[in-house]
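Here the structure comes first, spelled out in structure tokens, and everything after it is commentary.
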Amino acid sequence: MNRELLRYVATRFGQLVIVVFVAVSVNFIIPRLLPGDPVQTALARLQTSGGAANVDIQAVSAAYRARYGLDAPIWQQYINYWGDLLTLDLGVSFANFPEKVSTMIGNALPWSVTLLAVATLIAFSVGSVLGARLAWPTAGRGIKSLVPLLMILTSVPFYLLAIILIYFFAVVLKWFPPAGGVDTTRIMRLDWATTEDILRHAFLPCMAIILGNIGFWALGMRSQMVNVLGEDYITFAEAKGLHPGRIFVWYG
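Per this note's numbering, residue 408 is the first one in the sequence shown, and the count goes up by one each step.
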């Protein structure tokens, strides 16, 4: 038994190593196969902003390539890429030069974790109650008609839901901001104006996560509730004449 367990763990670990190796390699290769030159794009942005006046563009280009290791052979870039990744050195951002990528992630991570935690909790709570209600014998046709919609929502990726929500509610209707955590001019204070601003920015991404998750929880709970309805204690509660609502809340 122990030998079989070790073999299973070794096999799964080997698969994990292969998946990580392939994913990192693809992530390295794809940007280098895309048309265009990121250095030239960065220089064009610098020139557009007026920051390249009286500057030797060729020298700046060479400095950029040296800073990002693009002047090395491709095999050396690949080795350096793995070395930086294993040492958690994510380098400097192209889009926000010279800010470090790790700093950008650190600034955004608390917002993302909080948003994901709140949205997942809401999706779990609402989806579980909705799924239990879908399986209940007294559920009306209206609520049962939600099953196809929940199946569709489960199959749609979060990012596609986010794009749809942003297009309609931020671009077309302009009810919510399309990006960011707060307004760029906002001075963070512990007051209602700041709280409202944060909630307005968080609403669309939160809804995208909720809509993408609620179907999973609802359909899963519906399946569990169907099994529960056949249990003896449910039949006994019904035989005692308990109110269906009480059976749903306390026994279901």
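From the three backbone atoms N, C-alpha and C, an ideal C-beta is built for every residue, glycine too.
Report yes if the CB atom of residue i is closer than 8 angstroms to the CB atom of residue j, and no otherwise.
| i | j | result |
| --- | --- | --- |
| aspartate 604 | arginine 593 | yes |
| alanine 615 | alanine 577 | no |
| tryptophan 624 | alanine 524 | no |
| isoleucine 437 | glycine 534 | no |
| phenylalanine 583 | phenylalanine 565 | no |
| leucine 401 | proline 612 | The chain is shown only over 408 to 659; residue 401 falls outside these bounds and no answer can be derived. |
| valine 431 | leucine 492 | yes |
For residue i, which residues does DSSP report across the bridge?
| i | result |
| --- | --- |
| lysine 551 | None, per the DSSP bridge assignment. |
| valine 499 | Lys507 |
Nearest to residue i by alpha carbon, out of the options?
| i | options | result |
| --- | --- | --- |
| leucine 618 | Trp543, Leu528, Leu497 | Leu528 |
| arginine 474 | Trp489, Lys507, Ser630, Val554 | Lys507 |
| glycine 538 | Trp489, Gln631, Trp582 | Gln631 |
| proline 633 | Ala542, Ile550, Gly588, Leu553 | In the sequence as displayed, the identity of residue 633 is valine instead of proline. Measuring from the Cα of valine 633, the nearest candidate turns out to be Ala542. |
| arginine 439 | Ile571, Val554, Pro480 | Pro480 |
| proline 445 | Ala502, Ala526, Met628 | Ala502 |
| phenylalanine 435 | Glu411, Leu497, Arg419 | Leu497 |
| aspartate 499 | Ala526, Ile550, Tyr471 | Here residue 499 turns out to be valine, not aspartate, going by the sequence shown. Nearest option by C-alpha distance: Tyr471. |
| leucine 626 | Val433, Lys581, Ile559, Leu567 | Ile559 |
Can you give me the Cβ contacts of residue i inside the same chain, cut-off strictly under 7 angstroms, excluding the 5 residues immediately before and after it?
| i | result |
| --- | --- |
| glycine 476 | Gln484, Asn487 |
| aspartate 590 | Asp604 |
| histidine 608 | Pro584, Gly587, Gly588, Val589 |
| leucine 572 | Leu611, Met614, Ala615 |
| serine 509 | Leu497 |
Leaving out five residues on either side along the sequence, give the residues of the same chain with a beta carbon under 8 angstroms from the beta carbon of residue i.
| i | result |
| --- | --- |
| phenylalanine 504 | Ala449 |
| isoleucine 512 | Leu497 |
| glutamine 447 | Ser468 |
Excluding the five sequence neighbours on either side, which residues of its own chain have a C-beta within less than 6 angstroms of the C-beta of residue i, listed in chain order?
| i | result |
| --- | --- |
| phenylalanine 428 | none |
(request) Taking only runs that begin and end inside the region 471 to 497, name each unbroken alpha helix (DSSP H) of 4 or more residues, in chain order. (result) The qualifying runs are 481 to 493.
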